[in-house]
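Visitor:
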Amino acid sequence: MEGFAPELAIVTHGGGKKLEEPLAVRPTSETIIGYMWSKWIRSYRDLPQLLNQWGNVVRWELRTKLFLRTLEFYWQEGHTAHATREEAEEETMRMLRVYEDFAVNEAAIPVIPGRKSESEKFAGAVTTYTIEAMMGDKRALQAGTSHFLGQNFAKAFDIKYLDRNNQLQYVWTTSWGLSTRFIGAIIMVHGDDQGLVLPPRLAPIHAVIVPIWKSDDDEARILEAARQLHQRLKEEVRYRGEPLRVHLDDRDHLTPGFKFNDWELRGVPVRIELGPKDLDAHAVTLARRDKPGKEGKETVSMDALAERLPRLLDEIHESMYAKAKAFLEANIHEPETYEELKEIVRDGWALAWWCGNEACEDRIKEDTKATNRCLPLEQPGGEGRCVVCGERATVKAIFARAY
RNA sequence: CGGGGCGUAGCUCAGCCCGGAGAGAGCGCACGGUUCGGGUCCGUGAGGUCGGCGGUUCAAAUCCGCCCGCCCCGACCA
Numbered sequence: 016m017e018g019f020a021p022e023l024a025i026v027t028h029g030g031g032k033k034l035e036e037p038l039a040v041r042p043t044s045e046t047i048i049g050y051m052w053s054k055w056i057r058s059y060r061d062l063p064q065l066l067n068q069w070g071n072v073v074r075w076e077l078r079t080k081l082f083l084r085t086l087e088f089y090w091q092e093g094h095t096a097h098a099t100r101e102e103a104e105e106e107t108m109r110m111l112r113v114y115e116d117f118a119v120n121e122a123a124i125p126v127i128p129g130r131k132s133e134s135e136k137f138a139g140a141v142t143t144y145t146i147e148a149m150m151g152d153k154r155a156l157q158a159g160t161s162h163f164l165g166q167n168f169a170k171a172f173d174i175k176y177l178d179r180n181n182q183l184q185y186v187w188t189t190s191w192g193l194s195t196r197f198i199g200a201i202i203m204v205h206g207d208d209q210g211l212v213l214p215p216r217l218a219p220i221h222a223v224i225v226p227i228w229k230s231d232d233d234e235a236r237i238l239e240a241a242r243q244l245h246q247r248l249k250e251e252v253r254y255r256g257e258p259l260r261v262h263l264d265d266r267d268h269l270t271p272g273f274k275f276n277d278w279e280l281r282g283v284p285v286r287i288e289l290g291p292k293d294l295d296a297h298a299v300t301l302a303r304r305d306k307p308g309k310e311g312k313e314t315v316s317m318d319a320l321a322e323r324l325p326r327l328l329d330e331i332h333e334s335m336y337a338k339a340k341a342f343l344e345a346n347i348h349e350p351e352t353y354e355e356l357k358e359i360v361r362d363g364w365a366l367a368w369w370c371g372n373e374a375c376e377d378r379i380k381e382d383t384k385a386t387n388r389c390l391p392l393e394q395p396g397g398e399g400r401c402v403v404c405g406e407r408a409t410v411k412a413i414f415a416r417a418y
């Protein structure tokens, strides 16, 4: 845990008195979990173990960034202990894929799964895996991590079990986490100049009904129709197995135009406009947040709406993912020379042959501020020459400026 | 902690370099009218210790010094 020493917050006073023994505020929970496991685990029959928790942790960052790097953050962290190395490694990869699946299929964020280099990995890990995402400004963000901890923590906390042959063995452990930082990723990947653009599957409100009227007569009938529509959609429409999250904006004294902009700012994926013309035609106008103006509008019959909305939400999800994916791919380049790399990382990611030496990572960082984000799991194969030193290289790494 | 920048109305800022009459704009807010299918428009009005303290001067938002706060860059890091 020495790697964490500089970023520990230490409590020296409590209850109005100086503490006899200072308390470290946890930067992650391996030590707590490890301590308990050393008491709980006695036999191979106790394995494997899986503990998951949501909790706040504190790391004394010298420089913070809203959402992306805060002194205190809330996260999900999981810990497992296994009898064999293979099982622990399998779990590490399984969770990496869970995070990747969440990013892609819930948040519509494309990511590059990969392994961290020695200098970039978690201090207590044997191997650290990451999903790296590209923000709208082309900087990289580590959006989730999964660690194979080997027997490091088992040895540090004396976590041993008796195997089938009555032999005392150390366990193999893993840990993995995803934090509120991910909210920052959603904002920075999808957001535009009008405000938030929320991926449909995570949006607190799927669709908002905006009633439109001119005269008092219209107001009465439109509002009544809007309320009925709201009720019907809530009761009848399901998206991904759950009731549609639909909201009726019946606020008075605000113009429709104001409401349109207001909900766009808040990133609601679908707006349902209901005005006199729509009502007379027994229809509504749908507008999707990810496509501005007329391009994102369509007229749908009231009768077809229940069927249309879930499909539209899926279409928005796919479209948002495709757009982010295209952006990611358009901004990853493969430099042949160091000069090319330096140019690329000014405004994009470089996927380049790397010999594995920290000295070459350091050189890049000094020259360009770009760091080694990961060694993608998906490799081109073959071998090449390190983009920095020219020595033989068997892997390509992603170098980019990161948050 | 080092380098740079900024503190003027609820918010975003202009004015400061080159001191001078009642300290301004847009947004927001209140009231009246108008409008309502893309942030309506017009009018009237309320609202300010010009970050704080001290100095220079006949006169300071403006010049000088110190202090406080915030932002950006660097060192740390998910």
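Here the first sequence is numbered in the numbering used here, starting from 16 and rising by one per residue. All C-beta atoms in this analysis are idealised placements derived from N, C-alpha and C, irrespective of residue type, glycine included.
1) For E45 versus G192, is the C-beta distance shorter than 8 Å?
2) With 16 other CB atoms within 10 Å as the buried threshold, where does S190 fall?
3) To the nearest angstrom, how far is the alpha carbon of I48 from that of W55?
4) Nearest to P284 by CA position, among F273, D277, G272, R304, is which residue?
5) Beta carbon of Q135, beta carbon of E76: below 8 Å?
6) How is I287 classed by DSSP in three states: helix, strand or coil?
7) Could you give the first and the last residue of the continuous alpha helix (DSSP H) run that contains Q166?
8) Report the rounded CA-to-CA distance for L86 versus L328, giving the unit in angstroms.
9) Between the alpha carbons of M16 and W278, how many angstroms are there, rounded?
10) Within 10 angstroms of its Cβ, does P258 collect 16 or more other Cβ (buried), or is it exposed?
11) Can you give me the C-alpha to C-alpha distance between Q184 and S58, rounded to a whole angstrom?
12) Please report the straight-line C-alpha distance between K312 and E288, rounded to a whole angstrom.
13) What's the call for V410, buried or exposed, on a 16-neighbour Cβ count within 10 Å?
14) Hey, I124 and A98 are a contact pair by Cβ (cut 8 Å); roughly how many whole angstroms apart?
15) Given a cut-off of 8 Å, decide if P214 and A155 are closer than it, judged by their beta-carbon atoms.
16) Quick one, which of R378, W90, L62, P291 has its alpha-carbon nearest V73's?
17) Could you pull out every unbroken beta strand (DSSP E) segment of at least 3 residues lying fully inside the segment 195–257, listed in chain order?
18) Determine whether the beta carbon atoms of V204 and R286 lie at a separation below 8 Å.
19) Using a Cβ distance threshold of 8 Å, determine whether the segment 342–349 contacts the segment 360–377, with at least three qualifying pairs required.
20) In terms of residues, what are the limits of the beta strand (DSSP E) holding K33?
21) Write down the C-beta distance between F137 and H162 rounded to the nearest angstrom, noting that I regard them as a contact closer than 8 Å.
22) Would you be able to state if there are at least three C-beta pairs under 8 Å between the segment 228–246 and the segment 261–272?
23) From which residue to which residue does the beta strand (DSSP E) around Y89 run?
24) Between the alpha carbons of Q166 and S132, how many angstroms are there, rounded?
25) For a test of the three-state rule: what should DSSP assign to R130, helix, strand or coil?
26) Taking A374 as part of the alpha helix (DSSP H), name the residues at either end of that continuous run.
27) Measure the alpha-carbon distance for K274 versus F117 and round it to whole angstroms.
28) Less than 8 Å between the C-beta atoms of G282 and A218, yes or no?
29) Would you call D293 buried or exposed, if buried means 16 or more other Cβ atoms sit within 10 Å of its Cβ?
30) In this structure, does DSSP put L23 in helix, strand or coil?
31) Here's the rule I'm using: 16 or more other beta-carbon atoms within 10 Å means buried, otherwise exposed. How should R416 be labelled?
32) Go ahead and label L81 buried or exposed: buried means 16 or more other beta carbons lie within 10 angstroms of its beta carbon, across all protein chains shown.
33) Using only alpha-carbon positions, find the residue among T383, I25, I174 that is nearest to A39.
34) Taking 8 Å as the limit between beta carbons, can you name the residues of its chain near L280, skipping five residues before and five after?
35) Return the CA-CA distance between Y336 and E105, expressed in angstroms with no decimal places.
Guide: So, from the listed chains and residues:
1) As a first step, residue 45 must be located in the first sequence, where it is residue number 30. As a first step, residue 192 must be located in the first sequence, where it is residue number 177. No, these two residues do not count as a Cβ contact at 8 Å.
2) Against the first sequence, residue 190 aligns to sequence position 175. Classification of S190: buried, given that the 10 Å Cβ count is 16 or more.
3) The count along the first sequence starts at 1 and reaches residue 48 at position 33. The count along the first sequence starts at 1 and reaches residue 55 at position 40. Cα to Cα, the separation comes out at about 10 Å.
4) Working through the first sequence from its first residue, we reach residue 284 at position 269. Closest option to P284, Cα to Cα, is R304.
5) Position 120 of the first sequence, counted from the start, is the residue given in the question as residue 135. Position 61 of the first sequence, counted from the start, is the residue given in the question as residue 76. Gln is not the amino acid found at residue 135; the sequence shown has Glu there. No, the pair does not count as a contact, with Cβ atoms beyond the cut-off.
6) Reading the first sequence from its first residue, position 272 is the one you call residue 287. The answer is strand: DSSP assigns I287 an E or B state.
7) If you number the first sequence from 1, residue 166 lands on position 151. Note, Q166: premise wrong, no alpha helix (DSSP H); not H, not E.
8) Position 71 of the first sequence, counting from 1, holds the residue named residue 86. Position 313 of the first sequence, counting from 1, holds the residue named residue 328. So the alpha carbons of these two residues sit roughly 35 Å apart.
9) Your numbering for residue 16 matches position 1 in the first sequence. Your numbering for residue 278 matches position 263 in the first sequence. At M16, the pLDDT of 49 sits below 50, so the modelled position is not reliable; the number obtained from the coordinates is stated separately. M16 and W278: Cα-Cα distance of roughly 46 Å.
10) Your numbering for residue 258 matches position 243 in the first sequence. P258 is exposed by the Cβ-count criterion.
11) As a working mapping, residue 184 is identified with position 169 in the first sequence. As a working mapping, residue 58 is identified with position 43 in the first sequence. Per the coordinates, the alpha-carbon of Q184 lies some 9 Å from the alpha-carbon of S58.
12) As a first step, residue 312 must be located in the first sequence, where it is residue number 297. As a first step, residue 288 must be located in the first sequence, where it is residue number 273. When rounded, the distance between both Cα atoms is 10 Å.
13) For this step, residue 410 is matched to residue 395 along the first sequence. By the 10 Å Cβ count, V410 comes out buried.
14) Along the first sequence, one-based indexing puts residue 124 at 109. Along the first sequence, one-based indexing puts residue 98 at 83. Their Cβ separation, rounded to whole angstroms, is 35 Å, which puts I124 and A98 out of contact at 8 Å.
15) In the first sequence, the residue the question calls residue 155 occupies position 140. In the first sequence, the residue the question calls residue 214 occupies position 199. It is not a contact, given that the beta carbons lie outside the stated cut-off.
16) As a first step, residue 73 is located in the first sequence; it is residue number 58 there, counting from the start. Comparing Cα-Cα distances from V73 to each of R378, W90, L62, P291, the minimum goes to W90.
17) For the segment 195–257, whole beta strand (DSSP E) runs of length 3 or above, ordered along the chain, are 222–226.
18) Within the first sequence, numbered from 1, the residue matching residue 204 stands at position 189. Within the first sequence, numbered from 1, the residue matching residue 286 stands at position 271. Between V204 and R286, the gap from beta carbon to beta carbon reaches 8 Å or more.
19) A contact exists between the segment 342–349 and the segment 360–377.
20) Stepping through the first sequence from its first residue, residue 33 is reached at position 18. Note, K33: beta strand (DSSP E), 32–40.
21) Counting from one through the first sequence, the residue named residue 137 turns up at place 122. Counting from one through the first sequence, the residue named residue 162 turns up at place 147. F137 to H162, Cβ: 5 Å. Contact.
22) The segment 261–272 is in contact with the segment 228–246.
23) Translated into the one-based positions of the first sequence, residue 89 becomes position 74. Per DSSP, the continuous beta strand (DSSP E) segment holding Y89 begins and ends at 87–97.
24) Taking the first sequence and counting its residues from 1, the one referred to as residue 166 is at position 151. Taking the first sequence and counting its residues from 1, the one referred to as residue 132 is at position 117. Distance between the alpha carbons of Q166 and S132: 19 Å.
25) Position 115 of the first sequence holds residue 130. Shown here, R130 sits in a strand according to DSSP, grouped into three states.
26) In the first sequence, the residue the question calls residue 374 occupies position 359. Run containing A374: 373–383, per the alpha helix (DSSP H) assignment.
27) Residue 274 sits at position 259 when you count from the first residue of the first sequence. Residue 117 sits at position 102 when you count from the first residue of the first sequence. Between K274 and F117, the C-alpha separation is close to 31 Å.
28) Here residue 282 refers to the residue found at position 267 of the first sequence. Here residue 218 refers to the residue found at position 203 of the first sequence. Yes, they are a contact pair.
29) As a working note, residue 293 is residue 278 in the first sequence. D293 is buried by the Cβ-count criterion.
30) For the purposes of this step, residue 23 is taken as residue 8 along the first sequence, with counting starting at 1. Three-state result, L23: coil.
31) Here residue 416 refers to the residue found at position 401 of the first sequence. By the neighbour-count rule (16 or more Cβ atoms within 10 Å), R416 is buried.
32) Numbered from its first residue, the first sequence carries residue 81 at position 66. When all chains shown are included, L81 counts as exposed.
33) The sequence position of residue 39 within the first sequence is 24, counting from 1. Answer by Cα proximity: I25.
34) Taking the first residue of the first sequence as 1, we reach residue 280 at position 265. Result list for L280: Q209, G210, L211, in chain order.
35) As a working note, residue 336 is residue 321 in the first sequence. As a working note, residue 105 is residue 90 in the first sequence. Rounded to the nearest angstrom, the two C-alpha atoms are 28 Å apart.
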